[in-house]
Structures are given as structure tokens and as C-alpha cells.
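Q: Mapping to the working numbering: the sequence shown position 35 is 738, numbers consecutive.
C-beta: ideal position from N, C-alpha, C; glycine also.
Before I ask anything, here is the structure I am working with.
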Amino acid sequence: MKDKACKKEKIKKSIMLILAFMIPYVSVYFSDIVGLFKNNTQMSSIKVLAATLNNKLQDSNDADFFVINNKPSAERNNVATKFKVLMNAKINTVKVIVNNEEAAVLYNKEEADRLIDNLKGYYLNNAKINKSTITAMDLKGNIEVKEALAYDWELDTMEGALNKLVNINKNNNLILETTAIEKHTEELSPSVSIISSSELNVGESKTQQGENGFKEIEKKIIYNNDKKVNETIIKEVIVKQPKETIITQGVRVSEENLTALLIRPSRGAISSFYGMRWGKMHKGTDFAGNIGDPVVASMDGTVKEAAFEPTYGNYIVLSHGNSIETLYGHCSELKVKSGDKVKKGDIIAAVGNTGRSTGPHLHFEVRVNGVAKDSLKYIPKTNGS
704 MKDKACKKEK IKKSIMLILA FMIPYVSVYF SDIVGLFKNN TQMSSIKVLA ATLNNKLQDS
764 NDADFFVINN KPSAERNNVA TKFKVLMNAK INTVKVIVNN EEAAVLYNKE EADRLIDNLK
824 GYYLNNAKIN KSTITAMDLK GNIEVKEALA YDWELDTMEG ALNKLVNINK NNNLILETTA
884 IEKHTEELSP SVSIISSSEL NVGESKTQQG ENGFKEIEKK IIYNNDKKVN ETIIKEVIVK
944 QPKETIITQG VRVSEENLTA LLIRPSRGAI SSFYGMRWGK MHKGTDFAGN IGDPVVASMD
1004 GTVKEAAFEP TYGNYIVLSH GNSIETLYGH CSELKVKSGD KVKKGDIIAA VGNTGRSTGP
1064 HLHFEVRVNG VAKDSLKYIP KTNGS
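Rendered as C-alpha cells:
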């Protein structure tokens, strides 16, 4: 194979000599092989070989030849013409075959091996795999390198051969299976704890910010060509534990902060106010409405009572902590029971006409330490009231 490589290189050199015809030459004919030399000394040290017309390489040591000294231009042109004819002969090459499809024509097996290495490099670069992490590579598929005769002009450049091979392998007839062990650091977010404090008013809070931790992860990753197909965690080590974030929320309810906390329990207009009425104390605020209109919790709390009583009819008492309560009376329907937790705005009942009532409405009270207060001091005054 090495001799054949030398022969091809010498042919190329001879072609360049022909193109430089302005310089006097000595021409040498070997039966079917012709070479051009600048002088006899060069002729004795270099033998130019070419492919014969019957596609066989002749042994130049046994060939007969004669020398033509510095012939006129026409004679040299005849030599060039004969050389061009001989260069149309085929030479020994190798072909790279993938699944019975020709992928490239190269000069020798060494070039074919380099092409396969370049294909591997192409996929590794596309997948952005750090070569230092690779533990195994296996090229799977039907790829062959066969000796073949081909014309010189049929030979592929290495770049062209790689492009052809990649294009042929779009259907992944060849699979480069690459196994890599990759390590990276992953951030760990802190957990969040929410605690209640009676030292803070409802709506107030304070935060003790935590800190991120991190862990080191080692993964076994398998790529097919330039695509990741499998990923398995083989090792995971927590280097730094995250520090918890603690949020403290106030639960203290006081008469002073009720204004910011309470909402209207009904959408109806106010039909009766807190204070003396018909010679008796009216302890709440009445909201007119139709039977079935929604009644909502005026504030977050726990259902302390949900029952029937002759005066209030169907009623609910919500406890909001710190001895603050709200009462909802004359309801047609109760939608919660004792012990239930409710949020501000939750529907807890329906407007009614039960108990001692002169018509459909909601009777609403705010109580502090068991004493009824004027609720209009704490709830928004809307709906024209």
C-alpha cells in the first residue's frame, strides 16, 4: 500500500512538471508509462509511475525507456497528451460503505479510519460532550471499508467525505453510543415554615430569611450520536443543607385593628342601626335582603355556634380570637357547623326571616369581650348607607 501511495504522489508531481513547460525537460517513456524530469540526475533518483490503460500498475524496474533531450514544443505537447490519457486510468483506493450504500472514496484505509474518527468527533461536538467525561464509545451499525479501483478525480476530500457520511446517516443507520459520567452542582431551595404569633396583629408578619443549600450530583448519561437517550443518577451528595425560611404571621385581633379586618357580611342596604329602638337596645346592624341572599364571614375565624334560638332564629357565632366574635342572625339556612374554620368572604349562611323578625334581613353583631359594639365603626359604609 505504501508503494502505491508513492506512485500516486509521483504522478501528481509529473503533472506539475508538464504544466511548467517553459523550462527545458528530459522526457522518459516506460512502455505505457511516461515521466518528465528536469535532468538525468533527477531521473535516476525519481521514478514516476502511473496507472496503465488496463488498470494494472507496471513494475518500472523492468520497463524499457529512452530519453528525448529538450525536444521542440510540439514534441513536448505530444508527451503531455499521452500523460493525460494515462491519467484516465483507475488507481487503487478504498470505499467506505454504510448499509450497502457508498459513503466515500478515499485513498487508503488510514484515511478511512480517520473519516470514522471524524464522524465520532462530529457527534461528540454536536452533543457538547466533555471528552474527559467519556467512559465508553461504541459505533454500532454496518460500516465497511473495501478496496476498490477508482479514478483519481473520484476521490473525496476528508471534509466532503464527512459531509456525505453525515447525510447518509440521517436515519441513524450508524449509532455512536457514548457513555459519559457527568457531575454538576444543584441548588437546594430552603423550605418555608409559617407560624402564628399572638404578639402580632392579624395582617402583620415578619420573615426570617433562610439560605440556599446545594448538592453534588453524578449522572450516567448515554447518547446516541448527538442525542441524549438516557440519564441515571448514580450518586447524590448534599454538600450544604438549606436553612429554613420562617414566616411569622400575627393572629392577634384587637378592637383597634378591626376596621382593617372586617368586611360587610351582606350586600343589602342597612335597614336598622345599632342603638336604642322602640325603647330597647338594638345590639346589631340589620341588612335588608331577600330570602336566600348570601351571608359571608366578615373575618377569618372558627364557628363557635351554629344553631337555632327563638330571638335570633337560625344564627351563627364566629370566634376571631382575642375575645372578638361576630354574630349572624335570622338566617334561612346555615351552611357551616360548629368547629368549622372559615375565611373572610366565605359564604356561611343565607338571609332569612327566622326568629323574632319583621321581614327578611340579616342581623349582624360585633362583640368584644362578650359586649356588643357598633359594627358600623369597623365595617365599610357602602350601598348608600
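Specify the secondary structure class of Asp989 as computed by DSSP and reduced to three states.
A: Reduced to three states, the DSSP call for Asp989 is strand.
Q: What do you reckon, are the CB atoms on Phe976 and Asp989 nearer than 9 Å?
A: Asp989 is positioned such that its CB atom lies closer than 9 Å to that of Phe976.
Q: Kindly provide the ranges of any beta strand (DSSP E) runs that are 3 or more residues long and lie completely inside the segment 956-1036, ordered along the chain.
A: Runs found: 973-975, 978-980, 983-985, 988-991, 997-999, 1004-1012, 1016-1022 and 1027-1034.
Q: Check whether the Cβ atoms of Thr1057 and Cys1034 sit closer than 9 Å, and answer yes or no.
A: yes
Q: Is DSSP giving Ser776 helix, strand or coil here?
A: Only weak support is given to the placement of Ser776: the predicted model assigns it a pLDDT of 41, under 50, and the value that follows is read from those uncertain coordinates. Of the three classes helix, strand and coil, the one that applies to Ser776 here is helix, per DSSP.
Q: Looking at the structure shown, is Ser896 part of a helix, part of a strand, or coil, going by DSSP?
A: strand
Q: Going by DSSP, what residue range makes up the beta strand (DSSP E) through Lys886?
A: Ile878 to Leu891
Q: Could you check if Pro968 is buried or exposed, using at least 16 other CB atoms within 10 Å of its CB as the buried criterion?
A: With 16 or more other Cβ atoms inside 10 Å of its own Cβ, Pro968 counts as buried.
Q: Between the alpha carbons of Leu891 and Gln944, how many angstroms are there, rounded?
A: 8 Å
Q: Apart from the five residues just before and just after Lys1068, which ones in its own chain have a Cβ nearer than 7 Å to its Cβ?
A: Residue 1068 is actually Glu in this sequence, not Lys. Within the same chain, Glu1068 has close Cβ partners Lys986, Gly987, Thr1029, Leu1030, Ala1075 and Ser1078.
Q: Rounding to the nearest angstrom, what Cα-Cα distance links Val801 and Asn845 in this structure?
A: 6 Å
Q: Would you mind stating whether Ala1000 and Lys938 have Cβ atoms separated by less than 9 Å?
A: no
Q: Would you call Thr744 buried or exposed, if buried means 16 or more other Cβ atoms sit within 10 Å of its Cβ?
A: Residue confidence is low: Thr744 scores 44 on pLDDT, short of 50, so the model does not pin down where it sits. No coordinate-derived value is stated.
Q: Taking its Cβ as the centre, do 16 or more other Cβ atoms sit within 10 Å of Val797, making it buried, or is it exposed?
A: buried
Q: Say whether the segment 998-1015 touches the segment 1038-1046, bearing in mind that this needs 3 or more beta-carbon pairs closer than 8 Å, one atom from each stretch.
A: Yes, since at least three Cβ pairs between the segment 998-1015 and the segment 1038-1046 fall closer than 8 Å, the two stretches touch.
Q: Only counting the same chain, and skipping five residues up and downstream in sequence, which positions put a Cβ closer than 6 Å to that of Asn821?
A: Leu865
Q: Would you mind reading off the limits of the alpha helix (DSSP H) that contains Ala830?
A: Segment: none, Ala830 is in no alpha helix (DSSP H) and carries neither H nor E.
Q: State the Cα-Cα distance for the pair Leu842 and Gly916, rounded to the nearest angstrom.
A: Cα-Cα distance, rounded: 41 Å.
Q: Count the C-beta pairs between the segment 918-930 and the segment 946-959 that are closer than 8 Å, then say yes if the count reaches three, no if not.
A: Verdict: no, contact absent.
Q: Identify whether Asp816 lies in helix, strand or coil by the three-state DSSP scheme.
A: helix
Q: Look at the Cβ atom of Leu818, then the Cβ atom of Leu858, and state whether they are nearer than 9 Å.
A: no
Q: To which residues of the same chain is Glu919 closer than 7 Å at the C-beta, ignoring the five residues directly before and after it?
A: Lys886, Thr888, Val940 and Val942
Q: Leaving aside the five residues before and after Met979 along the sequence, list all residues of the same chain whose C-beta is less than 6 Å from its C-beta, in chain order.
A: none
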